[in-house]
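Scroll down for the structure; my scribbles are underneath it.
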Amino acid sequence: MTTRNTVTPAAVHTNGSNGAAPANIGDVRPADIVGEMQVAYLDYAMSVIVARALPDVRDGLKPVHRRILYAMYADLGLTFDKPHKKSARIVGEVLGKYHPHGDVAVYDAMARMAQNFSLRYPLVDGQGNFGSIDGDSPAAMRYTEARLAEISNLVIEDLEKDTVSWNPNFDNSLEEPSVLPAALPNLLINGANGIAVGMATNIPPHNLGEVVDALAYLIDHYKEVDEVTVEQLLQFIKGPDFPTGGIVYRYRVDGKSEEEIDAITQGYSVGKSRLVMQAKAHFEEMSRGRSRIVITELPYQTNKSTLIERIADLVRDGKLEGITDLRDESDRTGMRVLIELSRTAEPKRVLADLFKYTPLQQTFGMQLLALVDGQPRTLSLKRMLHLFVQHREEIVRRRSEFDLRRARERAHIVEGLLKALDIIDEVIRTIRSSQRVDTARANLVKNFGFSEVQAQAILDMQLRRLAALERSKLKDEYKELKDRIAYLEDLLAHPEKILALIKEELLAIKEKHSDARRTQIVDSTKGTLTTTDLLPDQTVWVTVNGKGELRRQEVGKVTNTALRQAGRGADVAVVTANTREPIYLFSADGRCTRVPVHEIPSEGAGKHVSELSRFNRGDTLAAALVLPEPVPDPAQGGYLFLATEQGVVKRIAQADLLNTGGGAPTVIAVAAKDRLVAAFATTGNQEVILVSAQGQAIRFNEEEVRSMGLSAAGVGGMKLKKGDRIVYAAAVTPGAELTTVTANGFGKRSALADYPSQGRNGGGIVTHKVSDRTGPISAALLLTAGEPHETLVAVTRKGVPKLISLADLPLMGRSVQGRPVVETTANDVVVSIQRLTAESQPALSAPAGPSEPGASIPGEDAVTLAEARPSGPGANGGAPPPRQRLTKPKTGVAVPTKPARAANQSKVTKATKTPSTPRGSKQNGREIAESKQARAKQPRAQSPSRRAGADASTRKAATATRKSVASEVPAPQPAAAKRTRRQAAALEAKTSKKTARAAQTIQPELLAVEEISAPPPTNPRAKKVQAVVSVPSGQARKKATGTK
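Next up, the structure:
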């Protein structure tokens, strides 16, 4: 047995006056060192477990975090609505009063509570550098500042209402709370990790809304809480929700039995499990057949810089092949790590290798360990939620008892004040007859039966309280106090009402602070990569035309080519969809097929529907839409409404369409001379509206059309006149307006309130007055009323897309013909209109109306909508058109682009048409000399501010000067056409230089250019254009000639 010398207490004595206590070496006793070590180490281990490493199950905080939040709230008053304070000041407050440990440990703990990549819901609002996901350390505490986040108030509120017990601090000079009230389940929503002695905890964060829903379910079944299972709670909590997003696989393969294990259910049932996490990545196509992998989200607690270095090392060592470039393009908008691949690399294989060899795939060891009554316990999900509800029960009970005490005390005082006001004269005489305050108080108690507290309140009462209004206020206050007391007494007497109050408070927290889930839960085994998992979660436009051509493009950008291709057929559809969703396409003969959106190409000319489905090359498409996934049950109102050109309607359950198992099933039996024109989803009790080409419309409830099987032919929806046909059908939404556009470009809006509900299969009422001038209605749309940012794209028969601002579509009655909104010709009429909403177009703001009806979309093949929208005085309430882009031709005269010239023709100065002058003529030389002299005599161009102040007389003189310059253009000289090409080229170069110098003095944004027709040139290969440049300031400028 190992022994050691131990000094007995009797051997200790005081030596001198300094208080030293040396041991008597001669007085020793044997002791077991193993036992001593066990006791000492156990004390140390418990200290670390309870006071350092493990969180409390009630508020989810470790002692250091609790002390930081309490010091910021109680001592410094750093709530979310107060200014930030230096972090060093906060750390010093915590160290000096509550946490006598290292300052670095306190600062690191506070910095972690401010990191949005560490905590799902940060508790501290930091200002400055608090670290990054790249592994950067926070700046020194003397540089950063902090305050409590708004959500932290929910953790600390009601602390002053005696809701928790208090413990003395380390030197017994102050008290600190043993736990915080915590109105929200902080342990689950923010998680925790810590290493104690012999144990560790690793609790993942979760989504606040899901946890609150699970708590509400537990409270609803609180009487039979023992019967609630983890599986029932997992209906609400899908799994961890990490702040960095990523993917978590529900199942994993057991290494020994090779069986699939539901890792999520296992972890929440027994408190221990291993979850497989993966980064979220997708493939993008590049030019020349290459592709790249884009990583947008990382597994929890993964260092991005370390990951990139690891990938680079593996590529350098030859363990990863097919990678040609690696870039980090992350910015404030989000994470984006690009891995470019070679042309021969297989993207899925490279991604699988990345998951295998890099931290893009990791294992999260779930360990639900927390302190319960000061003891470490491994908990299940149900046990954690139950303990939190019990904690809230105690907090609400103690808070209610505190409020009840305060209310009773105040009611007792107000009761005494009201009694004193009733006998105020006697009270005043008693007080005036008393020699001292103590005597007056005693007399009030003795003579009138007041309590000591009431008597003191009467003595403290100000004279202004004697007013009648103050007495009324006291009566109202007393009534409110009585009601409050009755409510609190009833609440404390009924525990079920306390539970209802807890649920109500939790739902209010969810309403204010919950957000969408970030982590995707994949119901498959580790490493199982599906196409959908790797797709970017993007919203796109899918353009569909009647010939069956499909093409998708990124939302926020529209191209001429895409819309023109879609417009080459008959009816155009532009559907907003997600790349992870399918789009349902309907043929004119009543069949339907399902095409995944991600399979529709985004480059080139698109694909035909026959290449993506079982439709044939000759099939004509009539409608396209996206159905919700999963499709709702028919009992819950998931229906599909169909309408044909001859007014036949039909309603089927959306679930019936899915049960067909793919292919191209028939959804409506269409007659030989009929065709399907519309298909849309309904809820089961909506109203629908049908619009015909001859301007009739009918509105009725969809329940008048019973649900039918797929092969049924439908029933009559609207009676049509001879030669009429249905052009539009849709479900009515509250507050919508019906927009109609005719073939010749006449459009208007009409309120749906003007369309009464009728019975099915009626003739309808007038919706648009049509005539030979307007042409028949070619398209219609239901748009939300009061949405100025709505924009329509009209596509003509030749496939020309034209933007229409909703501001240009007037709100009129039903029986009017509208006004021209799209410019058409006899051979190019409007065939369809599509809606582009502001919600689906980040780049689109309030679009300006065209200076001419239905101006074509300008620009090249790919132009943003902000650039493409037309401009004009009708767009911004009479504001002048925005500045057009100008280009400079060879002659040196600044000329707008072709679409800009067309838009400005109505605004340019009228000029006299004159024939062009052949290059190299003598008259042309004299013209240059004359223009040179005129230029020397003319003043310099004025600044915009001086031009703005020019008076009317100056503008009239300038107009006269412009007309004189235009009229002085000499007639062409036919003899000049015989000059040689070399002489003409030399003179043209000389003229271009001089004209360019003259044009430099003219501000390009102030130019207005008008094309002037010229007679056929002598050289048939040359096309000559003469332009007159007019300056709004009133200064005349010379004419210029040029050759394209």
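The letter at position 174 of the sequence shown is residue 174 when you use my numbering, and the numbering goes up by one with no holes. Here a beta-carbon is modelled for each residue, glycine too, at the ideal position from N, C-alpha and C. The structure displayed is predicted, hence computed values, not measured ones.
### Query
Taking just the CA atoms, how far does I485 sit from R429?
If I take the Cα positions, the gap works out to 34 angstroms.
### Message
Just list the residues that DSSP pairs P278 with in beta bridges.
### Response
One detail in the question is off: residue 278 reads as Gln in this sequence, not Pro. Its beta-bridge partners are I247 and Q361.
### Query
How about A111 and F130: are their beta carbons less than 7 angstroms apart?
With contacts defined as CB atoms closer than 7 angstroms, A111 and F130 qualify as a contacting pair.
### Message
What residue range does the alpha helix (DSSP H) around L421 cover?
### Response
Residues L381 to D422.
### Task
Have a look at T682, V688 and R725 and flag the residue whose alpha-carbon is nearest the alpha-carbon of Q694.
Distances from the CA of Q694 to each of T682, V688 and R725 were compared; the closest alpha carbon is that of R725.
#### Entry: Reference F355, options I311, Q235 and E393, closest by Cα
Nearest of I311, Q235 and E393 to F355, Cα basis: I311.
### Task
Decide if S692 is buried, meaning its Cβ has at least 16 other Cβ atoms within 10 Å, or exposed.
Here S692 is buried: its Cβ has 16 or more other Cβ atoms, across all protein chains shown, within 10 Å.
### Task
From the DSSP output, read off the bridge partner residues of T825.
D828, per the DSSP bridge assignment.
### Assigned exposure category for Y755 - 16 Cβ within 10 Å defines buried
Answer is buried; the Cβ neighbour count reaches 16.
### Task
Name the residue from L625, R594 and S291 whose alpha carbon lies nearest to the alpha carbon of R614.
The option with the nearest alpha carbon to R614 is R594.
### Message
If you follow the beta strand (DSSP E) that E737 is in, where does it begin and where does it stop?
### Response
That run of the beta strand (DSSP E) goes A736 to T742.
### Query
To which residues of the same chain is I195 closer than 7 angstroms at the C-beta, ignoring the five residues directly before and after it?
A53, listed in sequence order.
### Task
Would you mind stating whether V597 and E611 have Cβ atoms separated by less than 7 angstroms?
For V597 and E611, no; Cβs fall outside 7 angstroms.
### Message
So, at 7 angstroms on beta carbons, what are the nonlocal neighbours of F283 in its own chain, with the 5 sequence-adjacent residues on each side left out?
### Response
Excluding sequence neighbours, F283 sits near S291, I293, P347 and L534.
### Query
Is the beta carbon of A743 sitting closer than 7 angstroms to the one on S771?
Not in contact: A743 and S771 (Cβ atoms no closer than 7 angstroms).
### Query
What span of residues does the alpha helix (DSSP H) with V94 cover, start to end?
DSSP places V94 in the uninterrupted alpha helix (DSSP H) bounded by S87 to K97.
### Query
Which partner residues does F283 have in the DSSP bridge list?
F283 pairs with I293.
### Message
Residues in the same chain with beta-carbon distance under 6 angstroms from N443, minus the five sequence neighbours each way, listed in chain order, please.
### Response
Contacts found: T430 and S434.
### Three-state class that DSSP yields for A53 in the structure shown
A53 carries a helical assignment under DSSP once its states are collapsed to helix, strand and coil.
### Query
Could you give the distance in angstroms between the alpha-carbon of F680 and the alpha-carbon of Q654?
Using only the alpha carbons, I get a separation of about 10 angstroms.
### Query
What do you reckon, are the CB atoms on L180 and V155 nearer than 7 angstroms?
Yes, the pair counts as a contact, with Cβ atoms nearer than the cut-off.
### Span separating the alpha-carbon of D313 from that of G60
As the crow flies, the alpha-carbon of D313 is around 40 angstroms from that of G60.
### Query
Rounded to a whole number of angstroms, what is the C-alpha to C-alpha distance between R617 and L657?
If you take the alpha carbons of R617 and L657, they lie about 23 angstroms apart.
### Query
For V197, which residues of its own chain have a beta-carbon under 6 angstroms away from its beta-carbon, when the five flanking residues on both sides are left out?
Within the same chain, Cβ atoms closer than 6 angstroms to the Cβ of V197 are found at A45 and V48, the five residues on either side in sequence being excluded.
### Query
For G818, which residues from the same chain have a beta carbon less than 6 angstroms from its beta carbon, with the 5 sequence-adjacent residues on both sides left out?
Excluding sequence neighbours, G818 sits near F746, G747 and K748.
#### Entry: Residue-level contact to chain B via CB, P495, 7 angstroms cutoff
As a matter of chain content, chain B is missing from the structure shown, which is built from one protein chain.
### Task
Buried or exposed for F586, please, with buried defined as at least 16 other CB atoms from any protein chain shown within 10 angstroms of its CB.
In this structure F586 is buried. Its beta-carbon is surrounded by 16 or more other beta-carbon atoms within 10 angstroms.
### Query
Sorted by chain position, which residues of the same chain lie with C-beta nearer than 6 angstroms to R591's C-beta, five sequence neighbours on each side aside?
Close CB contacts of R591 within its chain, under the 6 angstroms cut and outside five residues either way in sequence, are with A664 and T666 (chain order).
### Query
When DSSP labels each residue in this structure, what does V522 get in the three-state scheme?
In this structure, V522 counts as strand in the three-state DSSP scheme.
#### Entry: Within 7 angstroms, strictly: CB atoms of G764 and I698
I698 is positioned such that its CB atom lies closer than 7 angstroms to that of G764.
### Task
For T539, write down the residues that DSSP places opposite it in a beta bridge.
Partner(s): N578.
### Message
So, with DSSP's three-state summary, where would you put A996?
### Response
Since pLDDT at A996 reaches only 45, below the 50 mark, its modelled position is unreliable, and no value is offered.
### Message
Output needed for D674: all residues of its chain with C-beta closer than 8 angstroms, excluding positions within five of it in sequence on either side, in chain order.
### Response
Once the five neighbours on either side are set aside, the close Cβ partners of D674 are T644, E645, Q646 and V648.
### Query
Do you know offhand how far G460's Cα is from L466's?
According to the sequence provided, residue 460 is Asp. The question's Gly does not apply to it. Going from the Cα of D460 to the Cα of L466 covers about 13 angstroms.
### Message
Among the candidates M141, V94 and I237, whose CA atom is the shortest distance from the CA of N169?
### Response
Its Cα nearest to that of N169, the residue V94 stands out among M141, V94 and I237.
### Query
What is the rounded straight-line gap between the Cα of M718 and the Cα of T825?
Taken atom to atom, the span from the alpha-carbon of M718 to that of T825 is near 31 angstroms.
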